[in-house]
Amino acid sequence: MENKFLKRTDGFSLTELMVALVIIGILVLLALPRLMPVVNKAKATEAKLSLKQVYMLQKAYRFEYDKFSLDLAQVGFEQETLITDNGTARYVVKIVTAELSTFRATATSIIDFDNDGIFNEWEVTENGIIKEIVPD
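In this note's numbering, the protein residues as written are 313 to 448.
Dropping the structure here:
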């Protein structure tokens, strides 16, 4: 009488699976430093989009009131919930200066992307040019 539970089936052993996982892990660690600039660039897109929105809102506000506003809520910008508060935003947006014909808004990272103690910062002014002022 043959026991069907004792039949040997072909497959991978635990040791073979562990070796394959270790090799994959090593390959990922080798590729990660080359991918970090791409990851940081993708994260900086959030700052650029937020500042573009602030610029458009400030422009509309100026058309209506003949001046720029120092208050984000007044122009209609709503800060996304930060990741420190269980949200998704990595940048804090602020209007630094606002006068009759000029304004300056910044988006400052709340995360040090490369752990060097420097936090990424972007700015936009009344001319609509978005530029990085503190690279990370």
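A virtual CB, placed ideally from N, CA and C, is assigned to each residue, including glycine.
The segment 413–429 contacting the segment 396–404, beta-carbon criterion three pairs below 8 angstroms: Short answer: they touch.
Starting from Trp405, follow its DSSP beta bridges and name the residues at the other end. Residue 405 is actually Val in this sequence, not Trp. In the DSSP output, where bridge partners are listed per residue, Val405 has Ala419.
Assess contact between the segment 383–400 and the segment 326–336, defined as three or more Cβ pairs (one per stretch) separated by less than 8 angstroms. Is contact present? no
Report the residue from Asp378, Ala356 and Ile336 whose alpha carbon sits nearest the alpha carbon of Pro447. Checked all of Asp378, Ala356 and Ile336; the closest Cα to Pro447 is Ala356.
Under the three-state DSSP convention, the category Glu433 falls into: strand
In angstroms with no decimal places, state the Cα-to-Cα distance between Val387 and Ser381. One C-alpha to the other measures close to 7 angstroms.
Rounded C-alpha distance that separates Arg416 from Leu339: Each residue's Cα considered, the two are about 44 angstroms apart.
Using the Cβ count rule (16 or more neighbours within 10 Å means buried), how would you classify Ala354? exposed
Leaving out five residues before and five after Asp383 in sequence, what residues of the same chain have Cβ atoms less than 8 angstroms from its Cβ? Ile407
Contacts around Ala385, its chain only, beta-carbon distance under 6 angstroms, and the 5 residues preceding and following it disregarded: none
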